[in-house]
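Since the structure comes first, as structure tokens, the remarks are kept for the end.
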Amino acid sequence: MSAQIISGRDISAEIRAELTDRVAELEKDGIKPGLATVLVGENPASQMYVGMKNKAAAKVGLHSRQLTLPVETSEEELLGVVAGLNADPEINGILVQLPLPDPIDEGKIIEAIHPSKDVDGLNPVNVGRLATDSGDFLAPCTPAGVIEMLVRSDNDPSGKHVVVVGRSNLVGRPLASLLLRKDRGGNATVTVAHSRTADLTAVTRSAEILVVAMGIPEKITGEMVAPGTIVIDVGTHRVDDPGSEKGYRVCGDVLFDEVKEVAAAISPSPGGVGPMTITMLLSNTVKAAVAAAARASA
Ligand code: NAP
43 MSAQIISGRD
53 ISAEIRAELT
63 DRVAELEKDG
73 IKPGLATVLV
83 GENPASQMYV
93 GMKNKAAAKV
103 GLHSRQLTLP
113 VETSEEELLG
123 VVAGLNADPE
133 INGILVQLPL
143 PDPIDEGKII
153 EAIHPSKDVD
163 GLNPVNVGRL
173 ATDSGDFLAP
183 CTPAGVIEML
193 VRSDNDPSGK
203 HVVVVGRSNL
213 VGRPLASLLL
223 RKDRGGNATV
233 TVAHSRTADL
243 TAVTRSAEIL
253 VVAMGIPEKI
263 TGEMVAPGTI
273 VIDVGTHRVD
283 DPGSEKGYRV
293 CGDVLFDEVK
303 EVAAAISPSP
313 GGVGPMTITM
323 LLSNTVKAAV
333 AAAARASA
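Using my numbering, read the sequence shown as starting at 43 and increasing by one per residue.
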């Protein structure tokens, strides 16, 4: 029997509708959450992502500001821009689109964003609070989106054995931390696999929930998944497809047509984790605005 489809598009639309209502409510209290995106250079993929983020922000009613800086912007100049946004009361969330052109040190820029405005959740203060499950923090958008997909599709990870394939700082590691939290979407038993994992198939087959973020197109095949597993595919790739009109197709890290025949539920790619990432950015911006208002009135 074919698996239930966990649609990131549908869950995303549901959350964005909730956010639209929340933003309208906040406006009555004089709170207008503001997101600033910073794009350095003219990388076409980055231009597209930033455009999508601003459009999505405006659609749920956020104040959104796009700063586009020339490719020759120096690290010092960019740090100055970030400092200005840190001090700007109209801005609650700062997103510096990665990758940054050479020789700008991305780590330095991420560290310069004030943790309370770090809506990408990559500043070491937020990373540390998430890892230690302590204090307020903003979680990285892609792993936070995976958690929402699981919870909202009635596949709560609590008490389940979750296998995460991938240990990147962007996806695998923070996802493992979120899954371990003693909170909504957490309380899972977590195994993290990576390129040195000895018998990947044995590990993936032991999962009740399998989240794949390995960056290799269609690597997880049907025989690597035990019947009844819940599968979330974080991967997204453009692969050549001479037979198609565009000459390419988009796929994930999971061989969808095979795995959907053994899994109980599966997220597609495209249409899975991708739309959730932007939605969680909007959600983080609203969360940051509410926290800023609470601090101001304390
Ligand atoms: P990454 O930084 O390249 O990390 C890949 C991880 O997979 C690494 O930890 C690597 O292990 C592990 N890995 C590689 N080959 C493996 C193998 N043969 N067996 C087991 N593990 C293996 O990638 P990422 O940034 O986490 O992204 C992963 C995927 O998600 C990519 O396809 C990316 O495009 C996609 N993504 C999508 C979104 C979205 O919004 N939809 C957002 C972010 C990323 P080592 O650590 O040992 O090298």
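Just so you know, even glycine gets a beta-carbon here, dropped at the ideal spot from N, CA and C.
Is G277 near ligand 1 - that is, is its Cβ less than 7 Å away from at least one heavy atom of it? Checking every heavy atom of ligand 1 against the Cβ of G277, one is found closer than 7 Å.
Looking at ligand 1, does it come within less than 7 Å of A255, judged from the CB to the closest heavy atom? For A255, the shortest separation between its Cβ and any heavy atom of ligand 1 lies below 7 Å.
Run through the stretch 124-159 for me and flag every whole beta strand (DSSP E) of 3 or more residues, listed as ranges in chain order. As for any beta strand (DSSP E) of minimum length 3 sitting wholly inside the stretch 124-159, the runs are 135-138, ordered along the chain.
Candidates V273, V169, N96, H203: which alpha carbon is nearest F298's? The candidate whose alpha carbon is nearest that of F298 is V273.
Residues sharing a beta bridge with Q46, DSSP: In the DSSP output, where bridge partners are listed per residue, Q46 has A307.
Could you pull out every unbroken beta strand (DSSP E) segment of at least 3 residues lying fully inside the stretch 266-322, listed in chain order? Listed in chain order, the complete beta strand (DSSP E) runs (minimum 3 residues) inside the stretch 266-322 are 272-275, 279-282, 290-293.
For ligand 1, any of its heavy atoms closer than 7 Å to the Cβ of T184? Answer for T184: yes, Cβ within range of ligand 1.
Three-state class that DSSP yields for A12 in the structure shown: The requested residue 12 is not part of the displayed model; the chain covers only 43 to 340.
Of all the options I47, H203, H156, A78, which has the alpha carbon lying nearest to the alpha carbon of L109? The option with the nearest alpha carbon to L109 is A78.
DSSP three-state assignment for I53, whether helix, strand or coil: I53 falls in the helix class under three-state DSSP.
If you draw a straight line from the C-alpha of S103 to the C-alpha of A331, how long is it? The question names Ser, but residue 103 is Gly in the sequence shown. Cα to Cα, the separation comes out at about 13 Å.
Once the 5 residues before and after L120 are set aside, which same chain residues still bring their CB inside 8 Å of it? Taking C-beta separations shorter than 8 Å and ignoring five residues to either side along the sequence, the partners of L120 in its chain run V80, V82, L111, V138, L142, I146, I151, following chain order.
Between which two residues does the alpha helix (DSSP H) carrying S219 extend? Segment 214-222, the alpha helix (DSSP H) holding S219.
Relative to the alpha-carbon of V267, which residue among E300, T239, S286 has its alpha-carbon at the smallest distance? Checking every option, the nearest Cα to that of V267 belongs to E300.
Any chance the CB of R194 is under 7 Å from a heavy atom of ligand 1? No, the beta carbon of R194 sits no closer than 7 Å to any heavy atom of ligand 1.
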